[in-house]
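Student: Below is one structure. I have some questions about it.
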Amino acid sequence: MAVAIGASSHRLLVGLTPHNVCVGFLIAMYIREYDACSMSMDVHANDGINPHHALAVFLMEHTCGSRSSGPLTFAAFCAALDTIHPTWSMEFQVVMRRLSTRSVHDLAECLVTLCLPGTDDVLVASTPFGRFARMLALAIHSAFFDGLCILRDHMQSFVAPSTPSVPTTAAPSSLLDTNHSSPIDDVHFRTALQTDPTSPRLLFARYVNFQRRREFLGALDALHAYHNIALHVATDVPDMKRFGPHYASLNLAIFYWTFGHPAKATAALHEAVRVAQGARDSPLRSWLALQACGTAANAAITTPPPSSVASWEMEPKQAKLEVWVHTQVQIGLTQAAVWRRLGFRSMQRLALARVWVMLSPPHTAEHSVHDIALLVTLHADAPFNALPALMECLALCEDIGSEVLMAQAKVLLARLYVAMERAEDAVALLEEICPYVLEHGGWKLQAEVGLEMAKAYFVLQEYDKCLVVLEPSKVAAVNAEDLLLGVEVGMMIARVYHMRQDWEARDRVADECLRCVDCGEHTDPSYDVSKSTTANYLTCAEYGHCYSCESNNHCRMTQSYAEGSMWSALMVSELCWVGPLPSTNDDNAPDEPDPSMMLSKFGVRFPIGCQTKETGLFLTQKENGIMGMSQDPNTIVPFLVKSGVLRANLFSLCFADTGGTMVLGGIDPTLHIAPPMYTPLLTTSGWFTVEVLDILIGNVSLNIAPSWYNSGRGVIVDSGSTDSYFPSSVGSSFASLYRTIANGHSYREDDAVLLSPSDQRKLPNIQIVLRGTTPGSSVVLSIPPLQYYTANADGSVANNIHFTQSSGGVLGASTMANFDVIFDMDQHRVGFAPARCDDAHGHGDFAPNVSKGQWTDKSFWEVYGTLVTAVLVCSSGGLAVLLLVRVLGRRQQHWTQVALEESDES
């Protein structure tokens with residue numbers, strides 16, 4: 001196996017040839033005899049020429065590719081070694097001759113033992129000898145059975161005497177070459193097999209020859225004879241088990257298909273797939289699955305569906321279960337294919353995981369080859385088709401000198417090596433690029449290199465080295481502000497501690513991965529999952545509305561906001577208690593309840609988001625997080641009602657400038673200055689939507705139809721919005737009326753003005769009219785100027801009621817302040833009661849107020865009567881003008897005709 005990149009002097013891999021085997025043996029012998037520090041090859045003129053330096057120079061010439069004469073012959077190797085050291089030459093000849101006489105089994109073992117440095121030897125991977133040894137190791141471990149057979153034949157020809165001889169029988173290679181053209185007589189194969197009865201190449205060539213001659217029994221017998229040798233070798237060598245029995249089944253399937261036996265060919269392919277999966281041969285498994293898929297699809301006989309429900313019920317239970325499982329698997333595979341095409345890898349992996357569950361016993365039989373084929377093809381753990389593209393990329397990077405891009409490509413190549421069970425090559429590749437990445441690479445690339453190197457060390461069970469490279473990678477991921485990469489590095493550290501059976505360190509690191517890596521300083525410490533005895537992470541199936549699924553199936557939620565803030569959190573099911581816990585000091589009062597009793601009695605299981613990242617306003621705010629209160633059943637109040645902690649599905653919110661109160665399950669009448677008045681809710685889920693009937697300034701109405709205010713989603717009551725908003729279509733009418741009522745004072749939308757509190761008290765109140773709960777009634781919220789103007793730090797004030805919405809509106813905190821706002825979801829209403837929400841004395845007569853009013857819905861004619869009248873008048877006038885024009889036109893034609901007649905008479 002040899003893949004060349006760029007010029008011949010810069011090969012990525014070396015071929016498994018006798019020349020390279022000889023060079024590898026000499027390098028291994030050189031390293032075993034001398035200390036690895038001599039690998040620096042520093043040859044000085046005053047050192048004199050000794051055998052060690054001479055051998056080093058000889059090997060350098062043949063590892064760096066500086067010679068243009070091609071590979072050396074066996075005689076040339078012996079002659080060169082005779083001049084360097086006769087003893088080494090004798091040892092070299094004995095080993096190579098014995099190697100050429102070994103069986104394929106012995107050849108594979110001897111190559112590893114003789115031509116590769118041992119684990120105790122120190123070999124610098126970046127030196128020419130190190131690169132050659134690693135590439136030769138990759139070629140040896142990647143050689144299939146046929147490749148080893150070819151090498152043995154070449155070794156026999158390589159070490160054979162150079163004097164010409166007359167062979168009595170044809171060589172296996174010549175028979176194979178002859179067999180490429182047309183069938184030949186079997187006598188030549190029988191004669192050759194008498195000389196070498198265990199030659200796998202001869203046996204396989206004989207099978208191919210019988211196949212071309214269409215001799216069924218002869219081909220079958222030759223195939224069995226070939227695999228008697230092939231299977232014996234493959235099953236005896238541990239590293240070659242994945243190359244043996246499934247190839248026998250594959251060749252048998254090809255044989256049956258060639259001779260027109262599709263059923264037997266399908267059965268052989270099924271067996272090949274099963275054995276290949278057990279042998280962890282991922283590339284062959286994918287290819288075999290697709291081959292079997294095509295064969296099974298052509299030969300499958302689909303059972304027609306039942307014609308009625310009765311016949312369906314009469315079918316056996318197992319048959320119905322298999323049909324259901326097959327349908328679910330097809331749905332899952334289709335979903336995975338769609339997610340893959342759209343680029344959502346997390347959703348693809350989730351769909352494939354569900355399919356794996358359906359395909360595992362006892363749900364399905366072993367012959368679901370079509371499903372397994374698609375599953376293997378879609379699976380992300382078989383990236384072997386990326387190898388040609390990576391090779392081309394590396395060659396291009398070497399040509400143009402792009403070091404950064406080459407480093408990134410080699411990271412992917414290392415990942416591919418790990419998937420191909422070549423962890424040693426991955427480590428060597430990453431160690432080669434590590435110095436450049438640490439000096440010139442970005443934080444993210446440094447973290448990725450360390451992570452991939454740790455994964456390779458993990459496969460090699462070198463856990464100490466894993467921790468050495470993972471700690472800097474963790475710091476680099478944090479500096480790169482890559483949340484997912486940081487979590488992946490942390491979970492890799494936890495896996496290392498798990499394999500070392502350091503459970504405490506594993507749990508500590510795993511919990512750190514789930515903490516907030518980029519969060520602000522808040523009033524209270526962050527929530528620590530590891531310190532909770534009642535918390536557990538929710539899976540994607542348990543929560544059901546996840547943004548993404550982590551590798552451990554934890555559910556992640558992410559929320560972004562219009563001003564640019566966002567948070568990302570893992571969903572946790574926790575026992576929650578609203579309010580302060582009793583003190584746990586020893587000097588508590590004897591009648592004070594126990595905290596555990598309070599939690600067990602009043603606590604409720606509730607899904608919370610454990611934030612791992614914050615941006616924007618969430619970094620600077622004092623509060624630890626955000627709690628959504630809506631009519632959604634997943635909010636805290638419905639959970640408390642469902643658990644029996646609360647009796648009523650309602651809560652009240654009362655806040656002012658210096659404090660406030662929130663009551664769950666009821667209200668606090670002691671806060672109220674006047675009784676509450678209620679407006680009905682227009683929706684039973686989601687936002688708290690109410691109906692605005694009118695807006696008044698100093699008790700003077702804007703005279704705008706309610707439909708203008710309640711367009712779009714309507715008007716919602718939302719404490720999360722600081723200001724209040726209404727449609728921009730009514731802004732000009734509001735500004736005009738305000739200027740009139742306020743004696744020329746303008747209501748500026750965005751400008752701050754200097755107004756003292758006494759000047760503000762001279763301005764009119766703004767009344768917002770809401771629909772009442774009884775027919776013909778309304779609820780009027782009166783907002784004083786001290787409340788609809790917000791004071792700035794420089795002494796200026798700015799209005800907090802805006803007319804900027806394209807449709808609908810929001811009654812935000814600026815309107816809700818100094819009211820006890822009651823959200824009654826049982827009665828589907830919202831109440832407003834003037835209240836003392838903080839310790840301040842309020843504004844006296846200039847505090848907000850609520851009153852009951854009357855409202856009569858105007859008829860269509862009352863709302864649009866003037867407009868309709870104007871349209872009718874214009875239409876009538878236009879019609880009259882049109883009739884007059886037509887009459888005048890006809891009279892003019894008549895006069896013209898009379899004039900012509902008179903002219904003719906004259």
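Start counting the sequence shown at 1; every next residue gets the next number (full-length UniProt numbering). Note that the Cβ used here is the ideal one computed from N, Cα and C, for glycine as well.
1. Scan the segment 608-643 and note each continuous beta strand (DSSP E) run of 3 residues or more that stays entirely inside, going in chain order.
2. Give me the residue from G603, Y226, S814 with the minimum Cα distance to G720.
3. Using the Cα positions of A674 and A835, report the straight-line distance between them to the nearest angstrom.
4. Taking just the CA atoms, how far does D399 sit from L416?
5. Could you give the first and the last residue of the continuous beta strand (DSSP E) run that contains D524?
6. Taking DSSP's pairing of strands, which residues face C555 in a bridge?
7. So, M492 versus L429, is the Cβ gap smaller than 8 Å?
8. Would you call the CB atoms of F210 and A222 closer than 8 Å?
9. With distances taken from CA atoms, which of G831, A133, Y725, R213 is nearest T804?
10. Select from F651, Q335, G776, D694 the residue whose C-alpha is nearest the C-alpha of M662.
11. Ends of the beta strand (DSSP E) at S142?
12. Run through DSSP, which three-state label would M825 get?
13. Just to confirm, is the Cβ distance from S778 to R771 under 8 Å?
14. Would you tell me roughly how many angstroms separate the C-alpha atoms of Y457 and D425, rounded to the nearest one?
15. DSSP has S573 in a bridge; who is on the other side?
16. Name, in chain order, the residues that DSSP records as bridge partners for V663.
17. Starting from the Cα of C110, find the closest Cα among H545, F132, A137, P86 and give me that residue.
18. Since Q767 is in the beta strand (DSSP E), which residue starts that stretch and which ends it?
19. Measure how close the beta-carbons of V730 and I704 come, nearest whole angstrom, since I'm counting them as under 8 Å.
20. If you drop the 5 nearest sequence neighbours on each side, which residues of the same chain put their C-beta closer than 7 Å to that of V489?
21. May I have the straight-line CA-CA distance separating D794 from P784, to the nearest angstrom?
22. Sort out for me which residues DSSP pairs A835 with in a bridge.
23. Give the range of the alpha helix (DSSP H) segment to which I741 is assigned.
24. Tell me which same chain residues have a C-beta within less than 7 Å of the C-beta of A648, skipping the five on either side of it?
25. To the nearest angstrom, how far is the alpha carbon of residue 980 from that of L467?
26. Give the straight-line distance between the Cα atoms of S707 and S758, rounded to the nearest whole angstrom.
27. Since W567 and K622 are thought to touch, with beta carbons under 8 Å apart, how far apart are those beta carbons, to the nearest angstrom?
28. With a 10 Å radius around its C-beta and 16 neighbouring C-beta atoms as the bar for buried, classify G24 as buried or exposed.
29. Which two residues bound the contiguous beta strand (DSSP E) that contains S777?
30. Could you check which residue in I608, L879, T658, A253 has the C-alpha nearest to that of T635?
31. At the level of alpha carbons, what is the spacing between H554 and A535?
32. Just to check my reading of the structure: V690 and L702 have Cβ atoms closer than 8 Å, yes? What is that Cβ distance to the nearest angstrom?
33. Are the segment 567-578 and the segment 538-546 touching by the rule of at least three beta carbon pairs closer than 8 Å?
34. Do you know offhand how far T856's Cα is from V780's?
35. Alpha carbon to alpha carbon, what distance is there between R214 and T258?
36. Determine the direct distance from the alpha carbon of T63 to that of C100, and round the result to whole angstroms.
Tutor: Taking the geometry as given:
1. none
2. S814
3. 7 Å
4. 23 Å
5. Run containing D524: none; DSSP gives neither H nor E here.
6. C549
7. no
8. yes
9. Y725
10. F651
11. Looking at the DSSP string, S142 is not in any beta strand (DSSP E); the run it does join, the alpha helix (DSSP H), is 128-142.
12. coil
13. yes
14. 11 Å
15. N536, P607
16. S652
17. A137
18. 766-771
19. 5 Å
20. A447, L451, L470, S473, K474, A477
21. 22 Å
22. H672
23. 731-741
24. G665, G666, D826
25. Because residue 980 is not part of the residues shown, which for the chain are 1 to 906, the question remains open.
26. 36 Å
27. So it is not a contact: roughly 16 Å between Cβ atoms.
28. buried
29. 777-783
30. I608
31. 13 Å
32. In fact, because the Cβ distance is near 18 Å, the residues do not count as touching under 8 Å.
33. yes
34. 14 Å
35. 9 Å
36. Strictly speaking, residue 100 in this sequence is Ser, with Cys absent from that position. So the two alpha carbons sit approximately 23 Å from each other.
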